[in-house]
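Under the numbering used here, read the sequence shown as residues 202 to 596, first letter to last. C-beta atoms are modelled at their ideal positions from N, C-alpha and C, and glycine is treated no differently. The model shown is predicted, which means the values in this text are computed figures rather than measured ones. Please read the structure below before turning to the comments.
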Amino acid sequence: MRTFQYAGMPKVYFGKGALDTALSQELAKVGSNVLLAYGGGSIKRNGIYDAVMAQMKKAGKTVTEFTGIMANPTYAKVQEGARIVRENDIDFILAAGGGSVIDCCKIVSAQAKMDGDIWEAEFTAHRFPTEFIPMGAVTTVSGTGAEMNSGAVITNENTKQKNGMGGALSRFVVLDPTYTLTVPMGQAVSGAFDTLSHCMETYFGQPSETNVSDEINEAVMRNVIANTRAMIRNPKDVSIRSELMWDSSMAENGILKIGKTTDFQNHMLEHQLGAYTDCSHGQGLAVIHPAVYRHLAKDNTAKFVRFARKVWHLEDDGRTDEELALAGIRALADFIKEIGLPSTLTELKANLRPGSPDPTDKGLLRNIADSTITTAGCARKLTADEIYQILVECI
Ligand code: NZQ
Ligand code: ZN
Numbered sequence: 202m203r204t205f206q207y208a209g210m211p212k213v214y215f216g217k218g219a220l221d222t223a224l225s226q227e228l229a230k231v232g233s234n235v236l237l238a239y240g241g242g243s244i245k246r247n248g249i250y251d252a253v254m255a256q257m258k259k260a261g262k263t264v265t266e267f268t269g270i271m272a273n274p275t276y277a278k279v280q281e282g283a284r285i286v287r288e289n290d291i292d293f294i295l296a297a298g299g300g301s302v303i304d305c306c307k308i309v310s311a312q313a314k315m316d317g318d319i320w321e322a323e324f325t326a327h328r329f330p331t332e333f334i335p336m337g338a339v340t341t342v343s344g345t346g347a348e349m350n351s352g353a354v355i356t357n358e359n360t361k362q363k364n365g366m367g368g369a370l371s372r373f374v375v376l377d378p379t380y381t382l383t384v385p386m387g388q389a390v391s392g393a394f395d396t397l398s399h400c401m402e403t404y405f406g407q408p409s410e411t412n413v414s415d416e417i418n419e420a421v422m423r424n425v426i427a428n429t430r431a432m433i434r435n436p437k438d439v440s441i442r443s444e445l446m447w448d449s450s451m452a453e454n455g456i457l458k459i460g461k462t463t464d465f466q467n468h469m470l471e472h473q474l475g476a477y478t479d480c481s482h483g484q485g486l487a488v489i490h491p492a493v494y495r496h497l498a499k500d501n502t503a504k505f506v507r508f509a510r511k512v513w514h515l516e517d518d519g520r521t522d523e524e525l526a527l528a529g530i531r532a533l534a535d536f537i538k539e540i541g542l543p544s545t546l547t548e549l550k551a552n553l554r555p556g557s558p559d560p561t562d563k564g565l566l567r568n569i570a571d572s573t574i575t576t577a578g579c580a581r582k583l584t585a586d587e588i589y590q591i592l593v594e595c596i
């Protein structure tokens, strides 16, 4: 284990009915002007909006709405939110949605308290926010675990960067798995794969040797894999959704990262793929992961062998370590196909919005490779040329 500090996670209200329990206790502790933030309107169709508004009324709050937060939230949207917060003297922000809504609110919360531009502050002056409008989160689609941490992923459309930023940590989090029953299956599977990706990005970080965080991580990965398959078979089963919802939070609440330096190279690459194409985060990760790991397997063979044995239940069967390591990566690639996620950039292209840039265009791939942040976490640092090569292999 490396040295670490762990400051805990936000207070979690989990399970059916958690929203009413949470809001009836928490709203009394905040000021009267509340910003309710959400996306394109799914919360209006599935009853979450009405349930929130009933609690707001009971608590006597004045509610201002901040709506239309898009998947892969943009920096312009953050600025719109910060303006609304200032103009309406907002005391508290309630984010109701997935990673996109929650992330957008984390930065709105910080930007509203800051005089200068937060993008400039974080990426030019390397100055991070210390003051925030308090916020809470109601997670309506699981996978990112965004509710559990203060990091946010924001797309700057002008500079074509999708960057991790430092923002607010929620005071409390509502996790009601019944809310996720209305999420389209493709999105639910994509979210589950994002959780698996967070586990892997942590597992393949340093140190590589056996440690308690990685052993817990193996259990979470097995649970995600089993319950993703189970969810596809039984889409209406709430206990399966509750497993996946807590897996998602476990992957990002810091527990699996204790004593570790994480990798997140696949995320850095997917974020740039997303910045250029606006693809779904989980789908982009699905395309990239096996190819990245095929490039790194021989630099960290022992860990990939352990991954094959402990996560995919593979036996040696007379294989060399290197062959077993590659068999584990093949099992990952087979799982991606089995659950219906794209395995190539050509398949990803078919799922993009009409008019999106072509992710099989080699010029575009060169730009993505050249703008990807490289990490040293997994086995070795990749070069921009190798990242380009990986992307070409994904076509
Ligand atoms: O906008 P609405 O109408 O609400 O529809 C959303 C959206 O279209 C829909 N949805 C959400 N809850 C629903 C629902 N539809 C029906 N029923 C419900 N209960 O789902 C769609 C996708 O939502 P989104 O929030 O974009 O998905 P996700 O949670 O996967 O978030 C993706 C974003 O999070 C970032 C990603 O990069 C991406 O920008 N990430 C954030 C992380 C973090 N902060 O820790 C970590 C991740 O690695 C990730 O990078
Ligand atoms: Zn992710």
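Own chain partners of A526 with C-beta closer than 7 Å, once the 5 adjacent residues on each side are dropped: A498, T502, F505, V506, A509
Close-in-space but distant-in-sequence residues of the same chain around E516 (CB under 7 Å, 5 per side omitted): none
Inter-residue Cα distance where the pair is E323 and I249: 34 Å
CA-to-CA distance, F373 to S301, given in whole angstroms: 17 Å
Complete runs of the beta strand (DSSP E) confined to the region 526 to 595 [at least 3 residues]: none
Residue environment, G269, which counts as buried when at least 16 other CB atoms sit within 10 Å: exposed
Run of the alpha helix (DSSP H) containing M469, from where it starts to where it stops: 466 to 478
Check: I244 C-beta below 7 Å from any heavy atom of ligand 1: yes
CA nearest to the CA of S481, picked from A252, E266, N273, T222: N273
Same chain only: Cβ atoms within 6 Å of V413, ignoring 5 sequence neighbours per side: none
A360 (DSSP reduced to helix, strand or coil): Reading off the sequence, residue 360 comes out as Thr, not Ala. Residue state, collapsed to three classes: coil.
Cβ neighbours of D500 in the same chain (closer than 7 Å, five flanking residues each side left out): A580, R581
Start-to-end residues for the beta strand (DSSP E) that takes in T521: Segment: none, T521 is in no beta strand (DSSP E) and carries neither H nor E.
Test item: CB-CB of E587 and H496 under 8 Å: yes
Residues of its chain near T383, where Cβ-Cβ distance is below 8 Å and the 5 sequence neighbours each way are ignored: S243, R246, N247
Nearest-angstrom Cβ-Cβ length linking M451 and I441, presumed shorter than 8 Å: No, M451 and I441 are not in contact; Cβ-Cβ is about 16 Å, not under 8 Å.
I530 versus C595: straight-line alpha-carbon distance, rounded: 15 Å
Own chain, CB closer than 6 Å to D464, minus 5 neighbours either side, in chain order: E402, F405, G406, T576, G578, C579
Beta-carbon proximity list for I308, same chain, < 7 Å, skipping 5 on both sides: V279, I319, A353, I355, M366, G368
Start-to-end residues for the alpha helix (DSSP H) that takes in Y214: Unbroken run through Y214 is the beta strand (DSSP E), 212 to 215; no alpha helix (DSSP H).
H327: CB within 7 Å of a non-hydrogen atom of ligand 2: no
Environment of D535 [buried if 16+ CB atoms lie within 10 Å]: exposed
Ligand 2 heavy atom lying under 7 Å from the CB of S450: no
Inter-residue Cα distance where the pair is V253 and R203: 42 Å
Selected residue, minimal CA-CA separation from A347, among E321, A296, G218, W513: A296
Every unbroken beta strand (DSSP E) inside the region 291 to 322 [3 residues or more]: 293 to 298
Ligand 1 heavy atom lying under 7 Å from the CB of Y276: no
Proximity below 8 Å, CB of K363 to CB of G475: yes
Among A311, D448, G216, nearest to A393 - alpha-carbon criterion: D448
A219 beta carbon less than 8 Å from that of V375: yes
Which of helix, strand or coil DSSP assigns to I459: coil
Residue of I459, L486, G209 minimising C-alpha distance to H468: L486
CA nearest to the CA of P560, picked from D292, Y477, K262: Y477
Cβ-based burial, D571 [other Cβ within 10 Å; buried from 16]: exposed
Where P441 sits in the DSSP three-state scheme: The question names Pro, yet the displayed sequence has Ile at residue 441. Helix.
Bridge partner(s) assigned by DSSP for N234: T263
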